[in-house]
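J.:
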């Protein structure tokens, strides 16, 4: 009996030591974090971008602890008219998977506890053949997962009433097929050509004449200027390696691939400046390949286009390589 | 059916295979005595399994160290890596530089998949369990088996050499997409070494796969029908089919890429870049890679599924629930896994037709996955659960796989994939499903079979400590990565603070780094336990876990040539707790597979 007690005590000590070690390391982490976070400024962050200052600490902003957990680590602000569909589907999938996960974890932990080996416990002998009653429950659960998750995902992604066979095109509220693929056309659409290279984003606008590859094309580096509320149609190529054009705020990501043109469209609902990132590993400085999405009012955009196109026309230099990379828009329309 | 009739039935089968068995009976070689033939060039599957085990553990150590360095670089930018940093990166005073960071995540992925997990979960489990569990004396092609290990070893040497090249090892990501993998953008010989090394490793896998498939078809003991195979063997069989079919596709892609790099061909270079007028296509490589790459995910995890299905039954003292359903769903996943690869390329501008087809096919996988997963839970339901170390690791694997599997739904549908592609959400997802689950399954296998491989038990307490210090970091790290991915953090990024919208995630990154370090150091508990147990552990009897499969009928460690007499199999692998046992006067809750008991054996 004493031996038994001693063993139990030993087990308790053992568990306590492990727990304490875990807590201590976590505590160490917290103390490290808080001491680091207070020292952070914009300046140090910029200095670390400079390889010469490799020895400096650069810590991110402290997460805003006054917010709730979900707001603190929310996805970047959605500024598109279509992103809410993805967000809805994401949230739906997350909540339903969470439900099934809790069910699964509860069953796992519950079974381990209830059916643990103890004196007198006898296992129930069954092979779970498909004819038995208990084999039905897993199947029902499996079908429940399929219907509540997979069918909803497929339906929400692709279901809409055609647009063919004489039926008018009407979207379901959360159909995502259309926001991704139904490319806009027309005078109201802003066309942009994007040509990334290691590690810069080049953008090109058709300018006053509306034709790409002419002398009045506007080219920008690392800055995509778009008017609020108008649809923007983009064609992307790549000069060297595969890059990934990712606007987290618009919930759109498209690869830039050398030798082919990929396309996407988006629109915006709020003015401001947002970050564009490279999503594909594209070399050593992949992490610095950042551009800005500048959303301005429509009348400002018209003025911006006019001004810059005139300037581009005036400053045109046939020997400047930045004037050369545009391509015929209609080929890939 | 009487015992005699049974024997009669198997006599026919035995006659059909008699040339094999008789040949074995005549040529029972003596076990090799010299060090060279026993430990180096060994034809014995059990010794090759141990070779694979040490090989995998060595590479696992390097891969895990790399993961800690990756987490350090992200969470402590500009701070020298402790202890070994100054030695490894003298020119930056110990700070991990950005170019080495790309090499680190490339080599971490490569090493963990091809040189650490595959050797253990296929090389060790396969070579150790297949002959012993199906009642064979060895693999059907022992020489090929030996060649398989040494080809893989040569591949490992090439990869190891690439770590010390002047321009560093490959930095193209484990996917090695052109055109970043071309010489113009990835200078130095590192990536060519990488291609050659992985080609050899892949060749080793093909040799192993052919051996496994043939052995399982041809060398099953009399009475070992397909319905009596342990689920481990079933899953290894399915894995080997995927290996034999799809590694050649990868090898083809690697050869073309190697020609592009070293001999100036243009298979994957677009005309726009070369300006030579000849045209290749970088997307062609992605198709080749992912036709292999998606089955590869299942290649790594399938043996874990089968093993865990077996272990859950063994340690719940209860037959595997829905054996047939589990086998059918694993087979269905094997088939489906070959037609879903497009979801890795959703952002390459695939047409809507393709994306909707690939989304639907991908989501279909959840039906068979759900079935075998729920069969696992139903197996432990109303069992008598013995929480031995292999069982604890199996239960941990059930948890991580459930978590990872459910998050696959977000990524399988093109619509939600568009905002999560290439984010940390993906990193969390595949680490939980493919990496953590097969890691935990590998450990379950090691704790389970070390008594049979080395004749000594492993320490249970150290095993439990090892489990919690591995499992907790795994769950914490990869669940945090889901949050980061949702917040928009890209994978493979050296310094997230470059972006304003990622700065508030730095606290999470620092936590991940701490847990990564805990998880890394916890593996030393395992190494210590393994070495100590092999040397001076408690002696294991023939059947320390009280399990009925064939490997537990022979002595521990298993003798050379496994079975003196090929056993005849009468029972399924999971015959536990049958109430009829007591009627027959058995005072145990299991029967061996080769034990005929009137009225109990089918």
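Chains as they are written, first to last, in this note's numbering: chain Y, 1 to 333; chain R, 334 to 935. The beta carbon of each residue, even a glycine, is placed where N, CA and C say it ideally should be.
Going along the chain, which residues of its own chain have a beta-carbon closer than 7 Å to the beta-carbon of residue 51 of chain Y, five neighbours each way excluded?
T.: Any reading at residue 51 of chain Y must be qualified, since the residue scores a pLDDT of 41, below 50, and its modelled position is unreliable; the value itself is stated next. Excluding positions up to five away in sequence, the list is empty.
J.: Rounded to whole angstroms, what is the Cα-Cα separation between residue 129 of chain Y and residue 136 of chain Y?
T.: For residue 129 of chain Y and residue 136 of chain Y, the distance between alpha carbons rounds to 10 Å.
J.: Name the DSSP beta bridge partners of residue 264 of chain Y, please?
T.: Beta-bridge pairing links residue 264 of chain Y to Y:234.
J.: Beta strand (DSSP E) containing residue 731 of chain R: first to last residue?
T.: Unbroken run through residue 731 of chain R is the alpha helix (DSSP H), 722-745; no beta strand (DSSP E).
J.: Does the Cβ of residue 476 of chain R have 16 or more other Cβ atoms within 10 Å, making it buried, or fewer, making it exposed?
T.: Under this definition residue 476 of chain R is an exposed residue.
J.: If you measure beta-carbon to beta-carbon, which residues of the segment 132-143 of chain Y are closer than 8 Å to chain R?
T.: Against chain R - using a Cβ distance shorter than 8 Å - the residues of the segment 132-143 of chain Y are 134, 135, 137, 138, 139, 141 and 142.
J.: Considering residue 700 of chain R, what are the terminal residues of the alpha helix (DSSP H) in which it resides?
T.: Its alpha helix (DSSP H) spans residues 699-713.
J.: Going by Cα to Cα distance, which pick from Y:290, Y:275, Y:139 and Y:111 is closest to residue 199 of chain Y?
T.: Considering only alpha carbons, the answer is Y:290.
J.: Can you grab the Cα-Cα spacing for the pair residue 190 of chain Y / residue 226 of chain Y, in whole Å?
T.: The alpha-carbon atoms of residue 190 of chain Y and residue 226 of chain Y are separated by roughly 8 Å.
J.: Return the chain-ordered list of same chain residues with a C-beta closer than 6 Å to the C-beta of residue 664 of chain R, the five sequence neighbours on each side being excluded.
T.: Excluding residues within five positions, none has a Cβ falling inside 6 Å.
J.: Quick check on DSSP: helix, strand or coil for residue 254 of chain Y?
T.: If DSSP states are grouped into helix, strand and coil, residue 254 of chain Y belongs with the strands.
J.: Under 8 Å between beta-carbons, which chain R residues line up against residue 195 of chain Y? List them in chain order, please.
T.: In chain order: nothing, as chain R lies at least about 11 Å away.
J.: If you pair each beta-carbon of the segment 460-469 of chain R with each one of the segment 499-512 of chain R, do three or more pairs fall below 8 Å?
T.: Output reads no: the segment 499-512 of chain R does not touch the segment 460-469 of chain R.
J.: Which one of Y:108, Y:61, Y:241 and Y:103 has the shortest CA to CA distance from residue 729 of chain R?
T.: Of the listed residues, the one whose Cα sits closest to residue 729 of chain R is Y:108.
J.: Rounded to a whole number of angstroms, what is the C-alpha to C-alpha distance between residue 486 of chain R and residue 452 of chain R?
T.: Their Cα atoms are separated by approximately 10 Å.
J.: To which residues of the same chain is residue 231 of chain Y closer than 8 Å at the C-beta, ignoring the five residues directly before and after it?
T.: Correct list, in chain order: 184, 188, 189, 190, 265, 266 and 267.
J.: If distances are taken between C-alpha atoms only, which option among Y:272, Y:208, Y:142 and Y:201 comes closest to residue 304 of chain R?
T.: Lying outside 334 to 935, the shown extent of chain R, residue 304 of chain R is not represented and no answer is given.
J.: Residues in its own chain within less than 6 Å of residue 46 of chain Y by CB, not counting five upstream and five downstream?
T.: Summary for residue 46 of chain Y: the model assigns pLDDT 37, below 50, so the residue's position carries little reliability, and this model does not support an answer.
J.: Can you find the residues in the same chain that come closer than 6 Å, C-beta to C-beta, to residue 880 of chain R, ignoring five residues on each side of it along the sequence?
T.: Excluding positions up to five away in sequence, the list reads 647.
J.: At a Cβ cut of 7 Å, what residues of the segment 98-117 of chain Y count as close to chain R, listed as they run along the chain?
T.: Under the 7 Å Cβ criterion, the segment 98-117 of chain Y contributes 100, 101, 104, 105, 107, 108, 111, 112, 115, 116 and 117.
J.: Note down the Cα distance separating residue 867 of chain R from residue 781 of chain R, rounded to an integer number of angstroms.
T.: So the two alpha carbons sit approximately 14 Å from each other.
J.: Is it right to say residue 91 of chain Y is buried, meaning 16 or more other beta carbons lie within 10 angstroms of its own, or is it exposed?
T.: So residue 91 of chain Y counts as exposed.
J.: Taking C-beta pairs closer than 7 Å, name the residues in chain Y that residue 777 of chain R reaches, listed in chain order.
T.: Ordered by position in chain Y, no residue passes the 7 Å Cβ test against residue 777 of chain R, which lies about 15 Å from the chain.
J.: Closer than 7 Å by C-beta to residue 796 of chain R: which residues in its own chain qualify, once you throw out the five before and the five after it? Chain order, please.
T.: Correct list, in chain order: 722, 780 and 862.
J.: Can you give me the C-alpha to C-alpha distance between residue 591 of chain R and residue 532 of chain R, rounded to a whole angstrom?
T.: Using only the alpha carbons, I get a separation of about 10 Å.
J.: Closer than 8 Å by beta-carbon distance: list the chain Y residues that pair up with residue 668 of chain R, in chain order.
T.: Within 8 Å Cβ-Cβ: nothing; residue 668 of chain R doesn't reach chain Y, min ~18 Å.
J.: Give me, in chain order, the residues of the same chain whose beta-carbon lies closer than 7 Å to that of residue 422 of chain R; leave out the 5 immediate sequence neighbours on both sides.
T.: For residue 422 of chain R, where only same-chain residues beyond five positions count, the Cβ hits under 7 Å are 428, 429, 430 and 433.
J.: Where residue 98 of chain Y and residue 742 of chain R are concerned, what is the direct C-alpha to C-alpha distance, given to the nearest angstrom?
T.: Roughly 12 Å separates the two Cα atoms.
J.: Can you grab the Cα-Cα spacing for the pair residue 35 of chain Y / residue 382 of chain R, in whole Å?
T.: In this prediction, residue 35 of chain Y has a pLDDT of 41, which is less than 50 and means its spatial position is unreliable; nothing more can be read from the coordinates.
J.: Output the distance between the C-alpha atoms of residue 295 of chain Y and residue 259 of chain Y, rounded to the nearest integer angstrom.
T.: Rounded to the nearest angstrom, the two C-alpha atoms are 30 Å apart.
J.: Taking the beta strand (DSSP E) that residue 291 of chain Y belongs to, which residues open and close that run?
T.: It spans 290-296 - the beta strand (DSSP E) in which residue 291 of chain Y sits, taken as one unbroken run.
J.: Using 10 angstroms around the beta-carbon of residue 641 of chain R, count the other beta-carbons present and answer buried if the total reaches 16, otherwise exposed.
T.: Its Cβ being crowded by 16 or more others within 10 Å, residue 641 of chain R is buried.
J.: Given that a residue counts as buried once 16 or more other Cβ atoms are within 10 Å of its Cβ, and exposed if not, what is residue 894 of chain R?
T.: Label assigned to residue 894 of chain R: buried.
J.: Taking 8 Å as the cut-off, does the segment 701-719 of chain R touch the segment 657-672 of chain R (at least 3 CB pairs, one atom from each stretch)?
T.: Counting Cβ pairs under 8 Å, three or more are found: they touch.
J.: The segment 495-519 of chain R: which residues have C-beta closer than 7 Å to a C-beta of chain Y, in chain order?
T.: Per Cβ criterion, the list reads 506, 510, 512, 513 and 518.
J.: Sorted by chain position, which residues of the same chain lie with C-beta nearer than 7 Å to residue 731 of chain R's C-beta, five sequence neighbours on each side aside?
T.: The residues are 641 and 709.
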